[in-house]
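Participant:
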Amino acid sequence: SLRCGEDASVCCKKDFYVKFRDIHWQDWIIAPEGYHMNYCMGQCPQHLSGSPGIASSFHATVFSQLKANGIHSAVSSCCVPIQRRPLSMVYFNSQHIIVKMDVPDMIVESCGCT
Amino acid sequence: DAASTACPTCGRPAMEKGEEERYLIEIAKQQILSKLHLRERPNITQPLPRAALMTALRKLHAGRVRQDGTLDMENNFINPQAGNQAYEIVSFATVEDDVSAGISTHLSFQFLQEKSRSVQVLQSSLWMYVQPANGSHPGVTAEIYLLEKDSGNRTLLIQRTLEATRGGWHTFPVTTSLQHFLDKDQTSFGLEVHCEEDGRNLCGHGAFSHSSQQPFLVAQVRQRDDDSEHILSKR
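Residue numbers (my numbering), protein chains in the order written: chain A, 1 to 114; chain B, 115 to 349.
So, in structure tokens, the structure goes:
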């Protein structure tokens, strides 16, 4: 999976980090100190569709059938997350109770073309 | 040129740099709030004493609290067997006046959010700081009672002899009692703690005059499956 540089033209992962102190959320979020809200961007030209690794989606299945049968269509492949990981958070809820929760699929690790 | 300034994915004209960052920060905020099932960010009106917070976190995540007091969260997940809806809560006691001539202490805990959802208590324990005994006899008998506010009943939950020559933290399992409480519609979970030595309350108000010794209750809970099925069918 590619990591986006300044000019992201091909499907890649764009790093984006929010520090809770910068948005004045550090008083209720005890840990971690910030959130990696990475996202996917960029084009998926036809020769890249399905690489790296197939994004498991209905769209991918249909698209590969079309391609396998040589049907050229206007359908294009999309740049989507193909690997995510959870984020463990410790925070105060509105009753000042400390909650520790593992929030699934919060951080995009890598992107690929469907 | 126009193409180079357009969004590579959707072709929309690119935003100003500052605008884009603000937009992404708003998305990040909304995503965190929705994943934590919060409508808005909680307002912390009574900051918890930092010492109490650090003690609780240190007890929960031994070895995970860095020197500067921040929490090392890498690979610090709740045990996967509990299922992915499991989470941990730490509730600090509201200490009510010492009763029966200062020999016992009433503690009450609030679990409003857990009450609104049907959750299953996987395990729960009360953490209590016990002052060192004067040493006239090595053990101190600690008794934990469940208080039923409505009926005024008091039920003995745990009776245990503590080795109390040195002060320190002790844990008392309250899993079943907390589950009963969450299943009934009571407002607060009340416990009475009694650990007396020669007329002195070793775990009473005086005992934790320092904020880092404030008692707290830890629970590992999971949303009940039937509740999440309900959500599925709704979808």
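Glycine residues also receive a C-beta, built at the ideal position from the N, C-alpha and C atoms.
Every value quoted in this text rests on a predicted model; they were computed, and no experiment measured them.
1. Whose C-alpha, out of 254(B), 204(B), 263(B), 266(B), is nearest the C-alpha of residue 240(B)?
2. Report yes or no: is there a C-beta of chain B within less than 8 angstroms of the C-beta of residue 100(A)?
3. Helix, strand or coil: which one does DSSP assign to residue 155(B)?
4. Against residue 82(A), what residues of chain B qualify as contacts under a CB-to-CB distance less than 7 angstroms, listed in chain order?
5. By the criterion of Cβ-Cβ separation under 9 angstroms, what are the contact partners of residue 293(B) in chain A?
6. Mind checking which residues open and close the beta strand (DSSP E) that includes residue 253(B)?
7. Nearest-angstrom Cα distance between residue 285(B) and residue 142(B)?
8. Nearest to residue 337(B) by alpha carbon, out of 135(B), 151(B), 121(B), 259(B)?
9. Where does the unbroken alpha helix (DSSP H) through residue 167(B) begin, and where does it stop?
10. Going by C-alpha distance, which of 93(A), 102(A), 23(A) is nearest residue 225(B)?
11. If residue 307(B) sits next to residue 202(B), beta carbons under 8 angstroms apart, how far is it from one beta carbon to the other, in whole angstroms?
12. Write down the C-beta distance between residue 78(A) and residue 12(A) rounded to the nearest angstrom, noting that I regard them as a contact closer than 8 angstroms.
13. Please confirm whether residue 115(B) has its beta-carbon closer than 8 angstroms to some beta-carbon of chain A.
14. I'd like the list of long-range same chain contacts for residue 196(B), defined as Cβ closer than 7 angstroms, with 5 residues on each side in sequence excluded.
15. Could you tell me which of 274(B), 259(B), 238(B), 247(B) sits nearest to residue 221(B), measuring between CA atoms?
16. Could you please give the first and the last residue of the uninterrupted beta strand (DSSP E) stretch that includes residue 222(B)?
17. With respect to 7 angstroms, is the separation between the Cβ of residue 108(A) and the closest non-hydrogen atom of the ligand NAD below this value?
18. Relative to chain B, which residues along the segment 16-31 of chain A have a C-beta separation below 7 angstroms, given in chain order?
19. Less than 8 angstroms between C-beta atoms, sequence neighbours within five positions excluded: which residues of the same chain meet that for residue 86(A)?
20. Quick check on the DSSP output: what are the complete beta strand (DSSP E) runs of length 3 or more inside the segment 266-325 of chain B, in order along the chain?
21. Closer than 8 angstroms by C-beta to residue 359(B): which residues in its own chain qualify, once you throw out the five before and the five after it? Chain order, please.
Facilitator: Here's the rundown:
1. Cα-wise, what sits closest to residue 240(B) is 204(B).
2. yes
3. In the structure shown, residue 155(B) sits in coil (DSSP, three-state: anything other than H, G, I, E or B).
4. The contacting residues do not exist; residue 82(A) stays about 16 angstroms from chain B at best.
5. Correct list: empty, because the minimum Cβ distance to chain A is about 17 angstroms.
6. 253-262
7. 38 angstroms
8. 151(B)
9. Per DSSP, the continuous alpha helix (DSSP H) segment holding residue 167(B) begins and ends at 164-174.
10. 93(A)
11. That pair is no contact at about 22 angstroms.
12. Rounded, the Cβ-Cβ distance is 13 angstroms, inconsistent with contact.
13. The pLDDT assigned to residue 115(B) is 45, lower than 50, so where the model puts this residue is not dependable, and the model offers no usable value.
14. No answer about residue 196(B) holds up, because its pLDDT of 49 lies below 50 and its placement is not dependable.
15. 259(B)
16. 218-224
17. No copy of the ligand NAD occurs in the structure displayed, which carries no ligand at all.
18. For the segment 16-31 of chain A, residues whose beta-carbon sits nearer than 7 angstroms to a beta-carbon of chain B comprise 16, 18, 23, 25, 27, 28, 30, 31.
19. Within the same chain, Cβ atoms closer than 8 angstroms to the Cβ of residue 86(A) are found at 102, 103, 104, 105, 106, 107, the five residues on either side in sequence being excluded.
20. Counting only runs of 3 or more, we get 267-277, 282-287, 302-311.
21. In this structure chain B extends from 115 to 349, so residue 359(B) is not present and cannot be described.
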